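Counting in my numbering, the sequence shown runs from 2 upward without gaps. Idealized CB from N, CA, C, for every residue including glycine. The model shown is predicted, which means the values in this text are computed figures rather than measured ones. The next block holds one structure in the form of structure tokens; read it before the comments.
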Amino acid sequence: NQVNFSLIRRWRRMCSQVHQDECEEPGKAAGRLGQIRVIDVEHMIVIRAPRHCRYIALTYVWGGPQEHQARKEQVRVGSSGVEYIPLPNNLPQTILDACTVSEALGERYLWVDSLCIVQNDDEERHDQIMRMDAIYSSAVLTIAAASGSHCKTGLPGVSAPRTYPQCTQKINEMLLAIPFPSLATLEQGNHLIWNSRGWT
Numbered sequence: 002n003q004v005n006f007s008l009i010r011r012w013r014r015m016c017s018q019v020h021q022d023e024c025e026e027p028g029k030a031a032g033r034l035g036q037i038r039v040i041d042v043e044h045m046i047v048i049r050a051p052r053h054c055r056y057i058a059l060t061y062v063w064g065g066p067q068e069h070q071a072r073k074e075q076v077r078v079g080s081s082g083v084e085y086i087p088l089p090n091n092l093p094q095t096i097l098d099a100c101t102v103s104e105a106l107g108e109r110y111l112w113v114d115s116l117c118i119v120q121n122d123d124e125e126r127h128d129q130i131m132r133m134d135a136i137y138s139s140a141v142l143t144i145a146a147a148s149g150s151h152c153k154t155g156l157p158g159v160s161a162p163r164t165y166p167q168c169t170q171k172i173n174e175m176l177l178a179i180p181f182p183s184l185a186t187l188e189q190g191n192h193l194i195w196n197s198r199g200w201t
């Protein structure tokens with residue numbers, strides 16, 4: 002029972018055609034965004050986000066200290082003078098799955114807090130935390146790894162089958178997904194560690 006990426010792509014096309022600017026107030030969040038880093042999922046490196054960058058954001062449960070974090074001493078400068086941070090081969094499954102989702106949806110860039118904020122740079126960390134609302138608001142979409150208890154859980158339906166099947170219903174030629182458990186159950190569920198996160 003895998004994620005239906007073609008259905009998600011169809012929803013995104015429909016949203017931009019029908020809703021246009023209703024879902025995204027132009028410049029409102031982006032104006033507060035400032036300079037952020039993103040993962041280039043094609044090259045698996047962290048770079049400064051290009052101007053007018055489209056990116057997907059990931060919200061997930063760290064589950065304790067992170068083995069992989071962006072740190073000052075990892076920052077490199079390429080031959081063209083561009084700053085980057087190389088990513089290790091053994092990233093946590095949730096982050097790897099989010100990279101897979103980004104590629105499947107045709108998006109090159111992904112924002113993940115542990116890797117896109119230099120964790121031992123107090124100034125950068127403070128600045129990014131103060132802009133967290135803009136970072137999530139400016140994303141094309143946000144992947145919420147709500148079922149995971151730590152970063153190695155993965156995203157259900159990406160690298161491993163889902164526990165619950167994805168039910169769909171066609172209404173007026175539009176295929177809709179029925180969330181299971183329901184959104185209300187997820188929002189009220191104290192059993193989900195993700196619900197205790199400071200921002201999502």
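Ranking Arg14, Met131, Cys152, Tyr85 by CA distance to the CA of Pro51 puts Tyr85 first.
Just measuring C-alpha positions, the residue of Val47, His44, Ser115 sitting nearest Met133 is Ser115. Contact fails between the region 8–18 and the region 79–98, because fewer than three Cβ pairs, one in each stretch, are under 8 angstroms apart. Counting C-beta atoms within 10 angstroms of its own C-beta, Ala178 has fewer than 16 neighbours from the protein chains shown and is therefore classed as exposed.
Counting along the chain, no alpha helix (DSSP H) covers Cys152, and no H or E run does either. Val119 and Arg109 have their C-alpha atoms some 21 angstroms from each other. Less than 8 angstroms divides the Cβ of Ala99 from the Cβ of Val113. Taking the Cβ atoms as the reference, Ala146 lies roughly 5 angstroms from Thr95, within the contact range of under 8 angstroms. Residue environment analysis places Asp123 among the exposed positions, since fewer than 16 neighbouring C-beta atoms fall within 10 angstroms of its C-beta. DSSP, read as helix, strand or coil, puts Gln129 in helix. For Ile48, the enclosing beta strand (DSSP E) starts and ends at 46–49.
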